[in-house]
Amino acid sequence: MGKMNLLKGKWDGKVGQTVGAKWKNRSTIRTYTAPSNPNTQAQQNVRGAFKSITSFVALFSDQIKYLSALDTSGMSVRNAIVKLNKEMIADNSFAKSDLLISKGGLQKVTGEAAVAAAGKVGITWTAPTATNFTQEAQLVAVMVQESTGIVEVKTALATAESLEGTLTFEAGKVDVYVYFLDKRGSNKVASLSDYIEVTVA
C-alpha cells in the first residue's frame, strides 16, 4: 500500500494510479493507466484471430518476399499482410477467402480458375487488358495447403494465361491466391489479390 505525505512533499509507493519514484536522487510522481482485464472474451477473440492469421500467412510469406509490392518499411512481408487485414483481427472474422496478400493499382486478375490433376494444381486466367502493364508483368500464384503445410509459389508472364504447378498436394483443399506484379523502374507495383479454392481428390 502506498502513502502520501503532502506536508513533507513525499510520495512513497503506489497510491491509486500514481506511484512515487526517484530519478537522479529527486523524488518524482509517475502516473500509469490501471490495467484492464486482459482476458475478456473480446480480447480472447482478437488474440485468436491474430494467431490464426499470422500462423497461416507464415506458411508462405517468406516465399513471396521478393514477389510483393506491399510497403514493408520496418516490417516483414508477413507483418505487412497482417496489417493489410487488421480489420479481420478486430472483427474476429478471419476467412481465407477474404484474406488479401497483395494490393495495388494494377488491374485485378480476371477469369481465374484452378484445377487439380494427379495432385498438381493448374491455374488459368485472362490476360490483362489495361495499357499500363509492361511486357515483363507477371502473374503470381500462391498455393497453400494448410493441413499439410505444403506451399507452392509459381509465376508466369501475365499474358501467358496459364501455369502448371510442380508440387504434389495431398487430398484435400488448397487455397490459391493470385495477383499481377509489375515494375515501375526499380519499384514493384501490383494488383489486389484474388482467391480461388481447389480440391485435390
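Residue numbers are given in the numbering used here: position 173 of the sequence shown equals residue 834, and the series is strictly consecutive. Where is the CB? At the ideal position from N, CA and C, for every residue including glycine.
Beta strand (DSSP E) runs wholly inside the stretch 790-815, at least 3 long, in chain order
799-806
Whole angstroms is fine: what's the gap from D843's alpha carbon to V850's?
5 Å
Does the stretch 816-828 come close enough to the stretch 785-800 to have 3 or more Cβ pairs within less than 8 Å?
yes
Beta strand (DSSP E) containing D855: first to last residue?
855-861
Would the stretch 827-838 and the stretch 763-783 be scored as touching if the rule is three or more Cβ pairs under 8 Å?
yes
Thinking S763 and S854 are a contact (beta carbons under 8 Å), I'd like their distance in whole angstroms, please.
4 Å
Ordered along the chain, which non-local residues of its own chain (more than five positions away) have a Cβ less than 6 Å from that of R739?
V718, A719, S722
N848: first and last residue of the uninterrupted beta strand (DSSP E) it sits in:
848-851
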